[in-house]
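Numbering (the numbering used here), first residue to last: 547 to 1236.
This report refers to the structure that appears directly beneath it.
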């Protein structure tokens, strides 16, 4: 911001002037008084320092008086200071010429040294400012801004004012200037008086940059403000007059009040405008543009619905330099309603980037064995591949209408997606992101042909295990064989009381456990022979989540009551029921270190939906209750790759909390947009079934 830069430079000059005043008061004046006592001569005792101080005073006063007019120039901070230093140098030279006969030889030599030093400083500042201007050129005027828009912004998207208003905090700050949308996240912390996040800041921006939008600002150009014809039609009076000319929306209220008959408020005025003004749009009219016409947003709905899109174009936003993070240490945060992914470095808890537009309510994800790629499915069927080394979205494909589960074989060769609608399993080549096969999940239940939704998807070696929610069936798909046959089908799980939901493997991969919600049990299968082992009674409506195992025990929370069932995997019997304050979704242990003794759980619903629990697995007692944000829903504990920290998402509070996994103390709070889940890449790669 040029005016602000000149203001800062002026404040530095004012500071120099104040320091110079103190030098006069405490050094020069006492020296003059001492000189008066020692001599009867009436001549003024000129010294090199007095001459320099006089030059600084004169130049500083001049620049402070001129800065009110100089802010309208293209001068920035460095240029202003460089000119100031040069003028001081020139002034000292002039003073030396005027008073060289009035100072002695010793003072003359000292003054020449000061002149040389000031010349070096002025030259250095001028050189730096020139280099800066060359590397960061300013665009002066709206004409240059329009050229940039034509060159760089022609394919940028349109955003509704409602979309923009959601980016309303310093961690995620969008603003409107003229008809354009900018990401001001970096700038808002420096210029909070200008950038009011989520709002139109045109007037404030123009106060400090009347010459136009800088090229630097154009680098953060996200797109244009979009309005539809219906919105424009609402502004159909002279006191509130919008109109359309060549698919550009203008707020012509100011001119309409002066010339009421000349404007067709609320309509497309292109024909009438060009009839009276010729081709093109005048500079005078251009200053009133506020957006672009986009009738495709006429019936946009903000409420959640699985919406089919013809194309998905996710894009990244980096907060750190590529290569500065280790993919295995990344914490991937699902920002559910915002349709984004936030990536945080689990070593230092700093945000490294965000991926936008990954589909409606992104759900589950898997990671390649080398931790290079992430595959995430959104509920509207869009599957996106992400390069975790660069955070670049690689490719997005549509694999269904309503999707949930993901599984990647341990060799990384085949990716499987479980769909709710249509009911099927889709096998995808993760390298090319092409669909290899669609396996319908249909079967007979009580004499009726049923197309079942697919719940949990779990991989074990080259096998994919799918839980069919509505058929109460578990299928095993063999990806090592041609055409991906279903080699095992189990029926009537949970006494045929639907649905089946979440599932996981024990850390050694020997057993598969799936939640039979309707029967309030978990069903167990031996992966060595794909035979059923048993069913174990749990709390009401079990929800295993990604699973938690410590020693020989697994921990199963329940959605229907505040109860965690501890089941011994040797005897397959409950050994403890841990009561909590309400229903829970997720429970996690740090399997990579068997000596770590704690299991983390939560209450996701009910009056105490803000509670997180630390369970001592040695005694199966809750030893700590944590409330991340009082009154706000908090859940989904996840360990960092080294196990030192636990991440919690507080969706309604809009933040992620980081806790020390041993002391249980809060380490950091990180702003996020409706965070609903968190996964550590390294842990998920290592854990079987995930």
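The beta carbon of each residue, even a glycine, is placed where N, CA and C say it ideally should be.
- Under the DSSP assignment, residue 1192 falls in the beta strand (DSSP E) whose first and last residues are 1191-1196.
- Taking a contact to require three or more Cβ pairs closer than 8 Å, the stretch 1170-1184 and the stretch 1148-1159 qualify as touching.
- Separation of residue 963 and residue 923 (C-alpha to C-alpha, rounded to the nearest whole angstrom) is 8 Å.
- Take residue 1107, set aside five residues on each side of it, and the residues of its chain with a beta-carbon closer than 6 Å to its own are 1085 and 1086, in chain order.
- Rounded to whole angstroms, residue 1224 and residue 900 show a C-alpha spacing of 14 Å.
- Nearest neighbour of residue 1010 by Cα position, chosen from 1040, 1046, 1073 and 981, turns out to be 1073.
- From the listed residues 865, 872 and 981, the smallest Cα separation to residue 888 is found for 865.
- With respect to the C-alpha of residue 902, the residue from 1089, 885, 828 and 1133 having the closest C-alpha is 885.
- For residue 636, the uninterrupted alpha helix (DSSP H) run begins and ends at 623-645, by DSSP.
- For residue 978, the three-state secondary structure derived from DSSP is coil.
- Within its own chain, the residues whose Cβ lies closer than 6 Å to the Cβ of residue 1196, once the five positions on either side in sequence are excluded, are 1174, 1175, 1178 and 1180, listed in chain order.
- Residues 769 of the same chain have their beta carbon placed closer than 6 Å to that of residue 703, with the five preceding and five following residues left out of the count.
- DSSP places residue 873 in the helix class (H, G or I) of the three-state scheme.
- Nearest to residue 861 by C-alpha distance, out of 1099, 905 and 773, is 905.
- A straight-line Cα-Cα distance of about 54 Å links residue 1187 and residue 630.
- Between residue 945 and residue 927, the C-beta spacing is below 8 Å.
- The Cβ-Cβ distance between residue 720 and residue 736 does not fall below 8 Å.
- Going by C-alpha positions, residue 875 is about 6 Å away from residue 891.
- Between residue 908 and residue 973, the alpha-carbon positions lie close to 19 Å from each other.
- For residue 739, the three-state secondary structure derived from DSSP is coil.
- The three-state secondary structure of residue 603, taken from DSSP, is helix.
- Excluding sequence positions up to five before and after residue 1168, its CB lies within less than 6 Å of the CB of 1159 and 1161, all in the same chain and listed in chain order.
- Boundaries of the alpha helix (DSSP H) around residue 1231: 1227-1232.
- Look at residue 664 here: in three-state DSSP terms it is helix.
- DSSP, read as helix, strand or coil, puts residue 1086 in coil.
- Counting along the chain, residue 1032 sits inside the beta strand (DSSP E) bounded by residues 1032-1036.
- In the displayed model, residue 815 falls within coil according to three-state DSSP, outside both helix and strand.
- Look at residue 828 here: in three-state DSSP terms it is coil, with no helix or strand label.
- An exposed status is given to residue 607, since fewer than 16 other beta-carbon atoms sit within 10 Å of its beta-carbon.
- With a beta-carbon spacing of about 15 Å, residue 1182 and residue 1136 fall beyond the 8 Å limit used to define contacts.
- CA-CA distance, residue 1198 to residue 1206, rounds to 22 Å.
- Looking at 1076, 1077, 1096 and 1068, the one whose alpha-carbon comes closest to that of residue 1104 is 1068.
- Take the alpha-carbon of residue 992 and the one of residue 1109: they are about 32 Å apart.
- In the DSSP assignment, residue 1065 falls outside any beta strand (DSSP E), carrying neither H nor E.
- Distance check between residue 793 and each of 975, 1126, 765 and 835 places 835 closest, using alpha-carbon atoms only.
- The way I'd put it, the stretch 779-793 doesn't touch the stretch 744-762; fewer than three beta-carbon pairs between them come closer than 8 Å.
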